[in-house]
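Undergrad:
There are 2 protein chains.
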Amino acid sequence: MEATIAGCAELGVPGIGLWRDQVAELGVARTAALARAAGIEVTSLCRGGFFDAPGWFDDNRRAIDEAAELGAAVLVLVSGGLPAGSRDVDGARRAVGDAVGRLVPHALAAGVRLAIEPLHPMFAADRCVVATLGQALDLAEPYPSSAVGVCVDTYHLWWDDQVWAQLARAGAAGRIACFQVADWITPLPEGVLLGRGLPGTGCVELRRFREAVDATGYTGPIEVEIFHEDVWSRPGGEVLRETVERYVEHVL
Amino acid sequence: MEATIAGCAELGVPGIGLWRDQVAELGVARTAALARAAGIEVTSLCRGGFFDAPGWFDDNRRAIDEAAELGAAVLVLVSGGLPAGSRDVDGARRAVGDAVGRLVPHALAAGVRLAIEPLHPMFAADRCVVATLGQALDLAEPYPSSAVGVCVDTYHLWWDDQVWAQLARAGAAGRIACFQVADWITPLPEGVLLGRGLPGTGCVELRRFREAVDATGYTGPIEVEIFHEDVWSRPGGEVLRETVERYVEHVL
């Protein structure tokens, strides 16, 4: 955490999205102080959600509080998969909407926006029943856009021919709370979690997404997200520099 | 092939969908004779497509001829992924539609129906750019439904909340050429090809799909498709019996 925040400051990266488990290692207060001292904005906290887990309500309230303490405007929500033994994906999606609704008062009070993130349909069974931007927007719709938005992640959405219309819908409704760019590389590894390479190493039209999000009037941060053993095994400073270069080349 | 066809006959399974590579091992004429002698209908041939491969046109014409010789009414088409180095998924989908169109005269002459199969979006980059039933129907639309239909496979479509409306659309247009049931089990293995268990071992609402397809007026065959190392490593006869039992329990 210290090295990453220092590295961002050194390279002129103005903000960083953080993960709760890594924040917990250093402590929320210390992480917040570190980012503040370096002039780095915490753009989002990943992640709340997992509404199928016991204790989800209290845990999500804690996540909202942590985001607020970090100065993060957004808490990203990954909904969780089907309840054990269930095949009712429609019901699971409705339950996600209800759970988000129960968090709205606490989010509004804390000044943290909830961002429902659609994950790629390959995660629909065991990680996130919300699988398209259209579904995420449907779930967000009953709640004020100041409290509930969506997270647009290119990795999860690139295959969907409806995504361009749904981006326009999201923009018109002021629902884009978070924008993440990540590239899709094959073959997918076992468990399919760690298949995201550096920008430009995969097949996603990253610049097309950035332009489409820009066109909605979104002016918030753009986060680059990379999950890949080959990338993670390299020195962090080197990866950070290459990420900035590739961001300029493939996204900006 | 001999054992499978004999096993189907013994268990009262009236038809079987075949794969080209396995037909080629025994020979098309011999396979056709074997199925005919056993009173087993060849319900479909898998697969044509891969329109990004060199020689696709001639190879697909051969596949149509093979289907005709086997008495299979349907050739299933898996479109292929993005051309090497390309990120243009829209363009790749348009090219699939054009390629299918070029095959229509030969398919009509041979009396074989082409079935565009949408594969799960996790295959969109490297195996099949057609990722939803809606996309498959869009691509089929310019051509007569007697020549071009779609293949409905529960494994690929279960996560999609649009699928019920698209099934109704497919039925109204007479486009359902093939109906395959396969179940989704997790975790996904490396390469994600072999994640399909026996009916009822996963999270797909198989009966809901069967009823929805029935409701469109479809009266054709229902194929069960299983790709999993654990299943393949068991004796074939045992798997076939369990498949029939599970089909009755979870699909019929």
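Order-wise, the sequence lines are chains A and B. Oh and the first sequence: position 120 is 120 in UniProt numbering, straight run, nothing missing. Oh and the second sequence: position 68 is 68 in UniProt numbering, straight run, nothing missing. Where a beta carbon is used, it is the ideal one built from N, C-alpha and C, also for glycine.
(1) Which one of A:Ile226, A:Ala115 and A:Val248 has the shortest CA to CA distance from Val96 (chain A)?
(2) Taking 9 Å as the CB-CB cut-off, is Arg87 (chain A) touching chain B?
(3) So, with DSSP's three-state summary, where would you put Phe179 (chain A)?
(4) Whether or not the region 74-93 of chain B and the region 44-52 of chain B are in contact is what I'm after, with contact meaning three or more pairs of Cβ atoms, one per stretch, closer than 8 Å; do they touch?
(5) Is it true that the region 149-163 of chain A meets the region 124-133 of chain A, where meeting means three or more beta-carbon pairs spaced less than 8 Å apart?
(6) Between which two residues does the beta strand (DSSP E) carrying Thr31 (chain A) extend?
(7) On a CA-only basis, which of A:Leu193, A:Gly197 and A:Gly217 is nearest Cys178 (chain A)? Give me that one, please.
(8) Below 9 Å between beta carbons: does that hold for Leu188 (chain A) and Glu190 (chain B)?
(9) So residue 253 (chain B) contacts chain A; which residues on that side make the cut at Cβ distance below 8 Å?
(10) For the alpha helix (DSSP H) containing Asp138 (chain B), list its first residue and its last residue.
(11) Runs of 4 residues minimum, wholly inside the region 195-222 of chain B: which ones carry the alpha helix (DSSP H) assignment?
(12) Would a C-beta distance cut-off of 9 Å place Val163 (chain A) and Val104 (chain A) closer than the cut-off?
(13) Report yes if the C-beta distance between Leu137 (chain B) and Arg169 (chain B) is below 9 Å; otherwise report no.
(14) With 7 Å as the C-beta to C-beta threshold (strictly closer), list the residues of the region 68-86 of chain B near chain A in chain order.
(15) Can at least three beta-carbon pairs, one atom from the region 82-91 of chain A and one from the region 53-63 of chain A, be found at a separation below 8 Å?
(16) Could you work out which residues of chain B lie near Cys151 (chain A), taking near to mean beta carbons separated by less than 9 Å?
(17) Cβ atoms of Gly7 (chain B) and Pro221 (chain B): under 9 Å apart, would you say?
(18) Which term fits Gln22 (chain A), buried or exposed, when burial requires 16 or more other beta carbons within 10 angstroms of its beta carbon?
(19) Measure the C-alpha to C-alpha separation of Ala99 (chain B) and Pro142 (chain B) and round it to an integer number of angstroms.
(20) Taking the Cβ atom as the reference point for each residue, do Ala140 (chain A) and Ala110 (chain A) lie within a distance shorter than 9 Å?
(21) Taking a Cβ distance cut-off of 7 Å, strictly less, list which residues of the region 92-124 of chain B are near chain A, in chain order.
(22) Between the region 189-206 of chain A and chain B, which residues of the former have a C-beta closer than 8 Å to a C-beta of the latter?
(23) Over the uninterrupted beta strand (DSSP E) stretch that includes Trp232 (chain B), give me the two end residues.
(24) Name the two residues that bound the continuous alpha helix (DSSP H) containing Glu66 (chain A).
(25) Rounded to whole angstroms, what's the CA-CA distance from Leu119 (chain A) to Leu108 (chain A)? Just pull it up for me.
(26) Where does the unbroken beta strand (DSSP E) through Arg113 (chain B) begin, and where does it stop?
(27) Where does Ile5 (chain A) sit, in a helix, a strand or coil, going by DSSP?
(28) Please work out which residues of its chain come closer than 6 Å, Cβ to Cβ, to Glu225 (chain A), disregarding the five sequence neighbours upstream and downstream, and give them in chain order.
(29) Only counting runs of 3 or more residues, tell me where the beta strand (DSSP E) segments fall wholly within the region 75-132 of chain A, in order along the chain.
(30) Let me make sure I understand the geometry here. Which of A:Gly171, A:Glu245, A:Ala212 and A:Pro235 has the alpha-carbon closest to that of Thr201 (chain A)?
TA: In terms of the structure at hand:
(1) Numbered from 1 along the first sequence, position 96 holds the residue referred to as residue 96 (chain A). Selected option, being the one with the closest Cα: A:Ala115.
(2) Mapped onto the first sequence, residue 87 (chain A) falls at position 87. Answer yes: the Cβ-Cβ gap between Arg87 (chain A) and chain B drops below 9 Å somewhere.
(3) The sequence position of residue 179 (chain A) within the first sequence is 179, counting from 1. Residue state for Phe179 (chain A) is assigned as strand, using DSSP reduced to three classes.
(4) Per the Cβ contact rule, the region 44-52 of chain B is in contact with the region 74-93 of chain B (3 or more Cβ pairs under 8 Å).
(5) The region 149-163 of chain A makes contact with the region 124-133 of chain A; the number of CB pairs closer than 8 Å reaches 3 or more.
(6) Within the first sequence, residue 31 (chain A) is the residue found at index 31, counting from 1. Premise fails: Thr31 (chain A) lies in the alpha helix (DSSP H), Val28 to Ala38, not in any beta strand (DSSP E).
(7) Position 178 of the first sequence, counted from the start, is the residue given in the question as residue 178 (chain A). Per the Cα distances, A:Gly217.
(8) For the purposes of this step, residue 188 (chain A) is taken as the residue at position 188 of the first sequence. For the purposes of this step, residue 190 (chain B) is taken as the residue at position 190 of the second sequence. Using a Cβ distance threshold of 9 Å, Leu188 (chain A) and Glu190 (chain B) count as a contacting pair.
(9) There is no way to answer for residue 253 (chain B), as the model of chain B reaches only from 1 to 252.
(10) Counting from 1 along the second sequence, the entry for residue 138 (chain B) is found at position 138. Judged by DSSP secondary structure, Asp138 (chain B) falls within the alpha helix (DSSP H) whose first and last residues are Leu133 to Ala140.
(11) The region 195-222 of chain B contains these whole alpha helix (DSSP H) runs: 206-215.
(12) In the first sequence, residue 163 (chain A) corresponds to position 163, counting from 1. In the first sequence, residue 104 (chain A) corresponds to position 104, counting from 1. 9 Å or more divides the Cβ of Val163 (chain A) from the Cβ of Val104 (chain A).
(13) Residue mapping note: residue 137 (chain B) aligns to position 137 of the second sequence, counting from 1. Residue mapping note: residue 169 (chain B) aligns to position 169 of the second sequence, counting from 1. Yes, these two residues count as a Cβ contact at 9 Å.
(14) So the list reads Leu82, given in the order they occur along the chain.
(15) Proximity of the region 82-91 of chain A to the region 53-63 of chain A falls short of the contact definition, fewer than three beta-carbon pairs being nearer than 8 Å.
(16) Looking up residue 151 (chain A) in the first sequence gives position 151. Ordered by position in chain B, no residue passes the 9 Å Cβ test against Cys151 (chain A), which lies about 18 Å from the chain.
(17) Translated into the one-based positions of the second sequence, residue 221 (chain B) becomes position 221. Translated into the one-based positions of the second sequence, residue 7 (chain B) becomes position 7. Result no, Cβ atoms of Pro221 (chain B) and Gly7 (chain B) do not sit closer than 9 Å.
(18) The sequence position of residue 22 (chain A) within the first sequence is 22, counting from 1. The residue in question, Gln22 (chain A), is exposed, as its Cβ has fewer than 16 Cβ neighbours within 10 Å.
(19) Along the second sequence, one-based indexing puts residue 99 (chain B) at 99. Along the second sequence, one-based indexing puts residue 142 (chain B) at 142. Looking at the two C-alpha atoms, the distance is approximately 12 Å.
(20) Translated into the one-based positions of the first sequence, residue 140 (chain A) becomes position 140. Translated into the one-based positions of the first sequence, residue 110 (chain A) becomes position 110. Contact annotation: Ala140 (chain A) and Ala110 (chain A) have beta-carbon atoms that are not nearer than 9 Å.
(21) The residues in question are His120, Pro121, Met122 and Ala124.
(22) Residues of the region 189-206 of chain A with a C-beta atom less than 8 Å from some C-beta of chain B are Pro189, Glu190, Gly191, Val192, Gly202, Cys203, Val204 and Glu205, listed in chain order.
(23) Translated into the one-based positions of the second sequence, residue 232 (chain B) becomes position 232. No beta strand (DSSP E) holds Trp232 (chain B); the alpha helix (DSSP H) holding it covers Glu229 to Trp232.
(24) Here residue 66 (chain A) is taken as the residue at index 66 of the first sequence, counted from 1. First-last of the alpha helix (DSSP H) with Glu66 (chain A): Trp56 to Leu70.
(25) Mapped onto the first sequence, residue 119 (chain A) falls at position 119. Mapped onto the first sequence, residue 108 (chain A) falls at position 108. Roughly 25 Å separates the two Cα atoms.
(26) Position 113 of the second sequence holds residue 113 (chain B). In the DSSP annotation of this structure, the continuous segment of the beta strand (DSSP E) that includes Arg113 (chain B) starts and ends at Arg113 to Ile116.
(27) Numbered from 1 along the first sequence, position 5 holds the residue referred to as residue 5 (chain A). Helix at Ile5 (chain A).
(28) Working through the first sequence from its first residue, we reach residue 225 (chain A) at position 225. Within the same chain, Glu225 (chain A) has close Cβ partners Gln180 and Ala182.
(29) Every unbroken stretch of the beta strand (DSSP E) spanning 3 or more residues and falling wholly within the region 75-132 of chain A is given here in chain order: 113-116.
(30) Working through the first sequence from its first residue, we reach residue 201 (chain A) at position 201. When only C-alpha atoms are compared, the closest one is A:Glu245.
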